[in-house]
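Just below is one structure, and these are the notes that go with it.
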Amino acid sequence: MSENKIVRVANAQGFWGDSLLGPIRLVEEGPVDYLTFDYLAEITMSIMQKQRMRKPETGYAMDFPPMVKRILPTCKEKGIKIIANAGGVNPRACLEATKKVVKELGLSGIKIAIIEGDDIMDRLDEITGGGEKLANLDTGEDIAIIRDRISSANVYIGAQPIVEALAAGADIVITGRASDPSLVVAPLVYEFGWSMEDYDKIASATIMGHIMECGPQCTGGNYADWRKVKDFARIGYPIVEASADGSFVVTKHDNTGGLVSVETVTSQLLYELGDPKNYLGPDCIADFTTINISQAGEDRVAISGIKGRPPTPTYKASISYASGYKILGTLCIGGPDAIEKAHVLADMVFKRVAMHGVEIPEEDRFVELFGTNVMYKGLVPALEQPHEIMLRIGARGQDANALNLLGMEIAPLITSGPPGVTGFAGGRPRATEVVGYWPALIDKKLITTHYKVEEV
Amino acid sequence: MAKVQLMEIAIARSGDKGDGSNIGIMAKTPAIYEFLEKNLTAEVVKNYFKEICFGKVTRFEIPNLQALNFLLDDSLGGGGTETLITDAQGKVHGLGLLHLTMDVPDELLQQQ
Numbered sequence: 023m024s025e026n027k028i029v030r031v032a033n034a035q036g037f038w039g040d041s042l043l044g045p046i047r048l049v050e051e052g053p054v055d056y057l058t059f060d061y062l063a064e065i066t067m068s069i070m071q072k073q074r075m076r077k078p079e080t081g082y083a084m085d086f087p088p089m090v091k092r093i094l095p096t097c098k099e100k101g102i103k104i105i106a107n108a109g110g111v112n113p114r115a116c117l118e119a120t121k122k123v124v125k126e127l128g129l130s131g132i133k134i135a136i137i138e139g140d141d142i143m144d145r146l147d148e149i150t151g152g153g154e155k156l157a158n159l160d161t162g163e164d165i166a167i168i169r170d171r172i173s174s175a176n177v178y179i180g181a182q183p184i185v186e187a188l189a190a191g192a193d194i195v196i197t198g199r200a201s202d203p204s205l206v207v208a209p210l211v212y213e214f215g216w217s218m219e220d221y222d223k224i225a226s227a228t229i230m231g232h233i234m235e236c237g238p239q240c241t242g243g244n245y246a247d248w249r250k251v252k253d254f255a256r257i258g259y260p261i262v263e264a265s266a267d268g269s270f271v272v273t274k275h276d277n278t279g280g281l282v283s284v285e286t287v288t289s290q291l292l293y294e295l296g297d298p299k300n301y302l303g304p305d306c307i308a309d310f311t312t313i314n315i316s317q318a319g320e321d322r323v324a325i326s327g328i329k330g331r332p333p334t335p336t337y338k339a340s341i342s343y344a345s346g347y348k349i350l351g352t353l354c355i356g357g358p359d360a361i362e363k364a365h366v367l368a369d370m371v372f373k374r375v376a377m378h379g380v381e382i383p384e385e386d387r388f389v390e391l392f393g394t395n396v397m398y399k400g401l402v403p404a405l406e407q408p409h410e411i412m413l414r415i416g417a418r419g420q421d422a423n424a425l426n427l428l429g430m431e432i433a434p435l436i437t438s439g440p441p442g443v444t445g446f447a448g449g450r451p452r453a454t455e456v457v458g459y460w461p462a463l464i465d466k467k468l469i470t471t472h473y474k475v476e477e478v
Numbered sequence: 334m335a336k337v338q339l340m341e342i343a344i345a346r347s348g349d350k351g352d353g354s355n356i357g358i359m360a361k362t363p364a365i366y367e368f369l370e371k372n373l374t375a376e377v378v379k380n381y382f383k384e385i386c387f388g389k390v391t392r393f394e395i396p397n398l399q400a401l402n403f404l405l406d407d408s409l410g411g412g413g414t415e416t417l418i419t420d421a422q423g424k425v426h427g428l429g430l431l432h433l434t435m436d437v438p439d440e441l442l443q444q445q
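Top to bottom, those sequences are chains A and B. With the first sequence counted from 1, adding 22 to any position gets you this note's numbering. With the second sequence counted from 1, adding 333 to any position gets you this note's numbering.
Structure follows, in structure tokens:
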């Protein structure tokens with residue numbers, strides 16, 4: 023291995039629903055070795071679970087197979103490998119859909135791997151029966167209170183099975199709930215032959231993954247000093263150039279928009295951060311207070327010096343459960359007296375629902391007057407008389423039919439209430455299921471991960 | 334001393350952590366970091382966010398990044414999938430904190 027070997031790992035999707043231009047531009051506009059796709063958030067797992075309940079062949083990131091179809095010829099030509107947690111709650115279905123598009127392309131010799139073992143849904147009774155409590159990590163509550171409502175249960179697994187799949191020659195690796203940074207740790211362990219116990223290097227790669235996990239949010243997106251950022255429309259997706267010693271440069275392709283500066287990268291280092299000395303992941307504990315960061319040229323930020331420690335003996339589990347229903351409708355209200363009228367209108371809705379025979383308890387009601395500092399409550403002075411208000415009205419509850427009565431009483435406000443109600447479109451809102459999220463810890467000894475490679 | 338908003342001397346980013354949010358604040362110079370380390374305490378942030386954050390505020394220092402990280406417990410109306418509020422993920426909490434007005438020594442402002 024050359025001393026000067028550089029491995030380029032990019033993030034092509036920061037979440038499910040990110041711009042489809044990200045991966046296309048990354049493979050076409052400059053050099054990349056690995057393209058990672060980070061589709062999953064806690065909310066995403068819940069959404070995928072809802073989809074799988076309705077349609078068993080879904081439950082994964084459905085953007086992924088068509089994207090593979092779009093970019094795979096270029097990836098094959100340039101030797102770019104793909105690692106994606108596109109499998110969601112149904113990696114096998116994602117594998118089948120991906121195999122199908124590879125066949126449609128007429129390509130052969132493409133090895134696709136899936137990683138399994140993160141899904142513990144069918145093992146919950148065995149796991150809790152064996153003494154693992156799976157108590158709520160935030161509240162300490164006993165899992166028994168949601169046991170009969172659980173709809174999915176997955177653990178955030180680490181890089182090791184992905185490394186094995188790459189060693190087996192995989193061109194595309196599809197995971198379920200692999201942790202976000204592990205998608206970046208794995209190719210570097212594979213390429214540089216690092217030990218999984220070389221914790222400083224594993225922590226460096228974990229922090230690379232953390233920096234890139236929201237795509238262009240480290241290359242100028244969502245940056246407070248936004249006027250310094252060039253050409254947002256063509257913002258470059260992030261690339262790390264990693265070296266064998268674990269140091270790396272954060273950058274983006276030449277001639278793309280955005281900004282890679284100490285400030286834009288530091289902003290993302292701070293994103294969703296807890297205790298900076300103890301950034302917990304399945305592969306290591308990374309210490310953010312050991313990061314050396316400096317500008318190393320235009321749109322190039324160098325990072326080194328990162329220290330890591332062995333990971334904890336537990337994985338984090340992400341469990342989702344049915345948590346009733348919610349409904350939300352919006353209406354726009356023009357002044358004068360927009361605030362006062364919005365309160366009258368909101369009151370009308372709940373009174374009319376009551377006239378249908380359904381009393382929505384006070385604590386389940388939701389009324390928000392957007393335009394009155396709902397996002398900045400108490401932080402900045404509010405306008406006394408805004409000329410326009412958006413009324414966001416809804417409720418939580420266990421009975422979807424009862425909530426749908428509320429959805430039917432929103433449009434009638436236009437003709438039967440105070441004047442100036444407008445901006446209602448899209449039909450009656452309907453109640454949607456709420457999927458609750460239950461974080462817990464589980465002993466690593468209880469989880470066995472494995473990979474499977476199929477060649478098309 | 335000059336009365337300035339935090340946005341003139343720092344940048345911010347925020348996001349969700351369960352039913353709470355985190356706000357990362359990065360000082361624009363090392364001297365401003367020292368000033369913020371002394372003056373932008375967890376108590377100041379808790380008091381400023383008293384109509385949004387109903388839990389405790391914890392502060393962590395990251396001097397190598399010229400940054401402070403605040404965790405605001407119970408600040409998202411239930412959090413994640415459960416709540417109906419507009420900013421269910423605390424995305425604008427960082428910009429909110431940048432509106433805080435502080436008494437800043439003039440020499441810190443001149444160095445920028």
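In this text, a Cβ means the ideal position worked out from N, Cα and C, and glycines have one as well. On a predicted model such as this, the values are computed, not experimentally measured, just so you know.
C-beta neighbour in chain B for residue i, strict 7 Å
| i | result |
| --- | --- |
| residue 313(A) | yes |
| residue 298(A) | yes |
| residue 399(A) | yes |
| residue 156(A) | no |
| residue 247(A) | yes |
| residue 385(A) | no |
| residue 457(A) | yes |
| residue 235(A) | no |
| residue 221(A) | no |
| residue 288(A) | yes |
| residue 337(A) | no |
Paired residues, beta bridge with residue i - DSSP
| i | result |
| --- | --- |
| residue 240(A) | In the DSSP output, where bridge partners are listed per residue, residue 240(A) has none listed. |
| residue 340(B) | Answer is none; residue 340(B) lacks a bridge partner. |
| residue 354(A) | 412(A), 444(A) |
| residue 472(A) | 138(A) |
| residue 461(A) | 340(A) |
| residue 355(B) | 348(B), 404(B) |
| residue 330(A) | 308(A) |
Euclidean distance between Cα positions of residue i and residue j
| i | j | result |
| --- | --- | --- |
| residue 444(A) | residue 67(A) | 36 Å |
| residue 417(B) | residue 454(A) | 12 Å |
| residue 471(A) | residue 179(A) | 8 Å |
| residue 165(A) | residue 362(A) | 44 Å |
| residue 54(A) | residue 196(A) | 19 Å |
| residue 441(B) | residue 221(A) | 39 Å |
| residue 208(A) | residue 185(A) | 5 Å |
| residue 325(A) | residue 203(A) | 16 Å |
| residue 218(A) | residue 430(A) | 57 Å |
| residue 381(B) | residue 392(B) | 14 Å |
| residue 469(A) | residue 140(A) | 7 Å |
| residue 363(B) | residue 417(A) | 48 Å |
| residue 280(A) | residue 366(A) | 46 Å |
Minimum Cβ-Cβ distance from residue i to chain A less than 7 Å
| i | result |
| --- | --- |
| residue 406(B) | no |
| residue 387(B) | no |
| residue 380(B) | no |
| residue 448(B) | Residue 448(B) cannot be examined here, being either before or after the span of chain B that is shown, 334 to 445. |
| residue 346(B) | yes |
| residue 295(B) | Residue 295(B) is absent from the structure shown; chain B starts at 334 and stops at 445. |
| residue 425(B) | yes |
| residue 372(B) | no |
| residue 342(B) | no |
| residue 414(B) | yes |
Contact test: residue i Cβ vs the ligand SAM heavy atom, cutoff 6 Å
| i | result |
| --- | --- |
| residue 355(A) | Of ligands this structure carries none, so the ligand SAM is not represented either. |
Among the options, nearest to residue i - alpha-carbon criterion
| i | options | result |
| --- | --- | --- |
| residue 292(A) | 417(B), 340(B), 339(B), 395(B) | 395(B) |
| residue 133(A) | 193(A), 28(A), 354(A) | 193(A) |
| residue 437(A) | 410(A), 475(A), 355(A), 269(A) | 355(A) |
| residue 58(A) | 335(A), 252(A), 210(A) | 210(A) |
| residue 231(A) | 367(A), 205(A), 310(A), 154(A) | 205(A) |
| residue 304(A) | 177(A), 375(A), 260(A) | 177(A) |
| residue 389(B) | 404(B), 372(B), 423(B), 415(B) | 404(B) |
| residue 264(A) | 130(A), 258(A), 212(A) | 212(A) |
| residue 85(A) | 61(A), 74(A), 101(A) | 61(A) |
| residue 419(A) | 395(A), 446(A), 384(A) | 384(A) |
Neighbour-count burial assignment, residue i, 16 or more Cβ in a 10 Å radius
| i | result |
| --- | --- |
| residue 33(A) | buried |
| residue 90(A) | buried |
| residue 267(A) | exposed |
| residue 390(A) | buried |
| residue 434(B) | exposed |
| residue 189(A) | exposed |
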